[in-house]
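These notes concern the structure reproduced below.
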Amino acid sequence: MCPYMPTKSLLKSTIESIAKHYSGDSKEFEDLCLRVARYYDENLNVFSKQSIIENLKEINRNIDVFLEKKGLSRENLYFVKSNLPPCMVKSFDLINKMNADLFGISAEKNLRICTFFEANKYPPGSTFVILDDLAGSGASMLEMGEYMFMAKALPKDRHILFCPITATKLGLDNIQNSITTSGRNNSDAIITIAENTKDYSKTSELFVQDSELAQTVFGERGHGNAGMCTAFPYMAPDNNSTLAGYLAKFFLPNDKCIKNKTDLLPVIEEETYYYDIYGTDKEHVLTDAIRVYDPPKPTFITKVIHKMFKRDE
10 MCPYMPTKSL
20 LKSTIESIAK
30 HYSGDSKEFE
40 DLCLRVARYY
50 DENLNVFSKQ
60 SIIENLKEIN
70 RNIDVFLEKK
80 GLSRENLYFV
90 KSNLPPCMVK
100 SFDLINKMNA
110 DLFGISAEKN
120 LRICTFFEAN
130 KYPPGSTFVI
140 LDDLAGSGAS
150 MLEMGEYMFM
160 AKALPKDRHI
170 LFCPITATKL
180 GLDNIQNSIT
190 TSGRNNSDAI
200 ITIAENTKDY
210 SKTSELFVQD
220 SELAQTVFGE
230 RGHGNAGMCT
240 AFPYMAPDNN
250 STLAGYLAKF
260 FLPNDKCIKN
270 KTDLLPVIEE
280 ETYYYDIYGT
290 DKEHVLTDAI
300 RVYDPPKPTF
310 ITKVIHKMFK
320 RDE
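Under my numbering, think of the first position of the sequence shown as 10, with each following residue one higher.
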């Protein structure tokens, strides 16, 4: 039941193997080690199953605050699930299932709707909650129920709540902009957790704009150019940077759970374990092993075996 957790030495070895792979001299190596370490330190955002549960509890407390402030009843509270077919299950469904199990949400309160036009079938004062693990660019949440297109047509006494467990500042800004342009600031709202909101632009901008080498190490910035470094127990999102994958994999069952990964992942992984076990890279390990190898002198048994197979000593 314990979450995946790498040792401190493995984290250190990961940083060193990345820097060693790209650097040409000791100065570049030290500089890249510091850059990579800084990126991970400022941006790594890892969730376990238990931390997701605790975040869902806080989100639900904040939903109750919203309902009380607006004078709304929890009897008319609904949770909106993805309308995608079962073969295209997304994290919306995973988080909704956890939420339903945690708070005993009945099946009739978990809705699959095509558009929010269907909200008109529900009583005035109804509130519809969109739960998700992440609002990276905000696009996926705004696509739920075709909010961007249907929001203006919704009555003001129907309420939509966007509730991501974690988010980027950019993603929340995009959602809020859509709420505002739809004229629904008094009806709809974003409910999230302040410490889970990350502004990735500053670190990633400093990392990728300074030099061509730094840009190469950082790699692709992921969906929406988010440059994130986030890991859930079941996946690392496509909003992550390529660089994030080298560390995120330690918190996942396997690298198939990484949605934005590079072909260099197994190469860096191999070098990481060499650094972690031997304190140096593979090339030096093999060179040192050959240098110190002293072949044993033939014994009577080996002489007999050589003779049997007609081999020279």
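Note that beta-carbon positions come from the ideal geometry of N, C-alpha and C, so glycine has one too.
| Check | Outcome |
| --- | --- |
| Proximity below 7 Å, CB of K29 to CB of D285 | no |
| Per DSSP, the bridge partner or partners of K207 | T177 |
| Burial state of A116, where buried means 16 or more other Cβ atoms lie within 10 Å | exposed |
| Residues bridged to F88 [DSSP beta-bridge criterion] | N119, V138 |
| Stretch pair the region 142–152 + the region 169–187: three plus CB contacts closer than 8 Å | yes |
| Cβ-Cβ distance between F125 and L163 below 7 Å | yes |
| Per-residue DSSP class, three states only, for A144 | strand |
| Residue environment, R230, which counts as buried when at least 16 other CB atoms sit within 10 Å | buried |
| Neighbour-count burial assignment, Y255, 16 or more Cβ in a 10 Å radius | buried |
| Contacting residues, own chain, Cβ-Cβ under 7 Å from Y13 (five flanking each side not counted) | F259, F260, L261 |
| Identified DSSP bridge partners for N249 | M237 |
| Nearest candidate by alpha-carbon position, reference A144, set S187, L179, I68, K36 | L179 |
| Environment of S35 [buried if 16+ CB atoms lie within 10 Å] | exposed |
| 3 or more residues per run - each beta strand (DSSP E) lying fully within the region 46–70 | 53–55 |
| For I267: DSSP bridge partner residues | A245 |
| Per-residue DSSP class, three states only, for L111 | helix |
| Buried versus exposed call for E280 [16 or more other C-beta atoms within 10 Å across all chains shown] | buried |
| DSSP three-state assignment for L103, whether helix, strand or coil | helix |
| Rounded C-alpha distance that separates K106 from I200 | 19 Å |
| L170, DSSP secondary structure in three states | strand |
| Pick from L103, L19, S32, F75 that is closest to Q224, judged by C-alpha positions | S32 |
| Reduced DSSP secondary structure (H/G/I, E/B, other) of I199 | strand |
| Limits of the alpha helix (DSSP H) - the one that Y13 falls within | Unbroken run through Y13: none, as it is neither H nor E. |
| Rounded separation between N183 and S18 - CA only | 39 Å |
| Whole-angstrom distance between F75 and D110, CA atom to CA atom | 22 Å |
| DSSP-derived helix/strand/coil call for G80 | coil |
| Proximity below 7 Å, CB of I267 to CB of A235 | no |
| Nonlocal neighbours in the same chain, by C-beta distance under 7 Å from I2, ignoring five residues either side | Because the chain here runs from 10 to 322, residue 2 falls outside it and cannot be looked at. |
| Three-way DSSP call (helix, strand, coil) for T23 in this model | helix |
| Where D34 sits in the DSSP three-state scheme | coil |
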